[in-house]
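*Asks:* Below you'll find the structure I mean.
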Amino acid sequence: MMFFAFKGLWRDFRYCVFDFNFLVRGASENSLAYRIHLTVTIIFALPIILYVARRMIRATGGAGLAFRRAFILMVCTSYFFAFKTFWPVRSHDDDPPFYPLVAVLCSGALIAASSKLSTLKWNVDHILRRVPVPAFFAIGEIFVLIAIQPIWKDRTKRETDLLRNVLTLLKPGDYVLDCKGETVFRQRGVRAVYETITKSAIQRGLILDNAPQRCVETLTCVVATTLIRTFPRDTSRFVRRNYLRVTNNLRIAGRELKPSATNPLRCKFEVTIPASYEIISPSENVSGTLDGIPYKGARFLAAGSHTFESTSPSRALVLLWSQAVDRHFTPFEHHTSPNG
-1 MMFFAFKGLW RDFRYCVFDF NFLVRGASEN SLAYRIHLTV TIIFALPIIL YVARRMIRAT
59 GGAGLAFRRA FILMVCTSYF FAFKTFWPVR SHDDDPPFYP LVAVLCSGAL IAASSKLSTL
119 KWNVDHILRR VPVPAFFAIG EIFVLIAIQP IWKDRTKRET DLLRNVLTLL KPGDYVLDCK
179 GETVFRQRGV RAVYETITKS AIQRGLILDN APQRCVETLT CVVATTLIRT FPRDTSRFVR
239 RNYLRVTNNL RIAGRELKPS ATNPLRCKFE VTIPASYEII SPSENVSGTL DGIPYKGARF
299 LAAGSHTFES TSPSRALVLL WSQAVDRHFT PFEHHTSPNG
């Protein structure tokens, strides 16, 4: 903490580490009915846990070993019920810390069961003496894992396609709007990471959803859409209104130009993100006047209303960020991804 304070970053450090996490108190998903149900579950589960601990102690020869086994059991159950009871945001991401201890308990139980079964006069007792029960479970788990996640299938293509497109399209100094920093190598225009606590705090008015404002201020012309459903409602609406889909995982600043009802050669449109834009068509070169000036290619457009008047009727005119056009990221050259 002293390091960040000396570097002049104490305010940011305090907000990210302390202030933001205190918002979890206002993001609680645990209703009264849920707490009552969990309390009843704990009341019924506690005698079972104590009975199992007692059986473990009796079945263990040494007092020290018995204490360690019972201690691990109590730590696992205490952690599980404490988090389910007191942590206000329910998520499976909180479970992994107690998995290793559960694995230790299960391994001990399987070894004990294997030793017990090997003493019985079964046809398979000689097999169990050579290959204990945990080995069968381990082999079965390997097959289950392969069945769930086949190693011969590339499940990372969606993420690698996103990173490849972002690195191809954006310069190091360009900004991108993403959900959780999944674009990795380009700077984000917003600080918020759109996960459970953040979205709940935005809905309760504890945090301002300033992504649209920040996109304008930072001239953010690219949005990563792999997790677009995670964006807050206002941000999602802003993205769909001001960015065009050019790949399965990216949207670019721009909009479709629709002809006026009174003059099919004239298109009036709004620019929200001030940047350099081009007007393109999938089938022909575009010519005409933009804001009364002959159109000859990419031009910087300030935020506000603009008018394009074509010299000939044209369909599917699109206004798009010029850097995307230069690098062949257009709605007409869709960079598809099977997993996108």
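Residue numbers for the sequence shown follow our numbering, so the first one is -1 and each next one is one higher. Where a beta carbon is used, it is the ideal one built from N, C-alpha and C, also for glycine. All values reported here derive from a predicted model rather than from experimental measurement.
#1: Which residue marks the beginning of the beta strand (DSSP E) containing Val220, and which one marks its end?
#2: Taking the beta carbon of Leu255 as the centre, do at least 16 other beta carbons fall within 10 Å, making it buried, or is it exposed?
#3: Ends of the beta strand (DSSP E) at Ala301?
#4: Reducing DSSP to helix, strand and coil, say where Ala259 ends up.
#5: Where do the ends of the beta strand (DSSP E) carrying Ala314 lie?
#6: Would DSSP call Phe183 helix, strand or coil?
#7: What does the Cβ neighbour count give for Asn261, buried or exposed, with the cut at 16 atoms within 10 Å?
#8: CA-CA distance, Ile386 and Ile140?
#9: Look at the alpha carbon of Phe1 and the alpha carbon of Asn19, and state the distance between them as a whole number of angstroms.
#10: For Thr287, which residues does DSSP report across the bridge?
#11: Among residues of its own chain, excluding the 5 on either side of Ser303, which ones have a beta-carbon nearer than 7 Å to its beta-carbon?
#12: Use the C-beta contact count for Leu7: other C-beta atoms within 10 angstroms, 16 or more gives buried, fewer gives exposed.
#13: For Val174 and Thr233, which I take to be in contact (beta-carbon distance under 8 Å), what is that distance rounded to the nearest angstrom?
#14: If you count every other CB in all the chains shown that lies within 10 Å of the CB of Pro336, and 16 or more means buried, which is it?
#15: Where do the N-terminal and C-terminal ends of the alpha helix (DSSP H) with Ser274 fall, by residue?
#16: How many whole angstroms separate the CB atoms of Ile250 and Ala322, which I take to be in contact at a CB cut-off of 8 Å?
#17: Just to confirm the assignment, what range does the beta strand (DSSP E) spanning Leu242 have?
#18: Can you tell me the Cβ-Cβ gap for Gly295 and Glu307, rounded? I've got them flagged as a contact below 8 Å.
#19: Please classify Asn283: is it buried, with 16 or more other beta-carbons within 10 angstroms of its beta-carbon, or exposed?
#20: Just the Cα atoms here: how many angstroms apart are Phe65 and Met72?
#21: Where DSSP assigns a beta bridge to Cys265, which residues make up the other side?
#22: How many Å lie between Ile125 and Ala133 at the Cα?
#23: Hey, out of Arg235, Phe81 and Leu242, whose CA is closest to Thr252's CA?
#24: Is it buried or exposed for Ala3, if we count other Cβ within 10 angstroms and need 16 for buried?
#25: Which residue comes first and which comes last in the alpha helix (DSSP H) that contains Trp8?
*Replies:* On the basis of the data shown:
#1: Val220 to Ala222
#2: It is buried - the Cβ of Leu255 has at least 16 other Cβ atoms within 10 Å.
#3: Looking at the DSSP string, Ala301 is not in any beta strand (DSSP E), and its letter there is neither H nor E.
#4: coil
#5: First-last for Ala314: undefined, no H or E at that position.
#6: coil
#7: exposed
#8: Residue 386 lies beyond the residue range present for the chain, which begins at -1 and ends at 338; the question has no answer from this structure.
#9: 21 Å
#10: Pro292 and Glu307
#11: Lys266 and Glu268
#12: exposed
#13: Taking 8 Å as the upper bound for CB-CB distance, Val174 and Thr233 are not in contact here, some 14 Å apart.
#14: With a pLDDT of only 38 at Pro336, under the threshold of 50, the placement of this residue in the model should not be trusted, and no figure is reported.
#15: No alpha helix (DSSP H) contains Ser274, which is instead part of the beta strand (DSSP E) from Ala273 to Ile278.
#16: Ala322 and Ile250 do touch by the CB rule: their CB atoms are close to 4 Å apart, below 8 Å.
#17: First-last of the beta strand (DSSP E) with Leu242: Tyr241 to Arg243.
#18: That belief does not hold up - the Cβ atoms of Gly295 and Glu307 are roughly 16 Å apart, past 8 Å.
#19: exposed
#20: 10 Å
#21: Pro257 and Phe306
#22: 11 Å
#23: Note on identity: in this sequence residue 252 is Gly, with Thr being the wrong assignment. Ranking Arg235, Phe81 and Leu242 by Cα distance to Gly252 puts Leu242 first.
#24: exposed
#25: In the DSSP annotation of this structure, the continuous segment of the alpha helix (DSSP H) that includes Trp8 starts and ends at Trp8 to Arg12.
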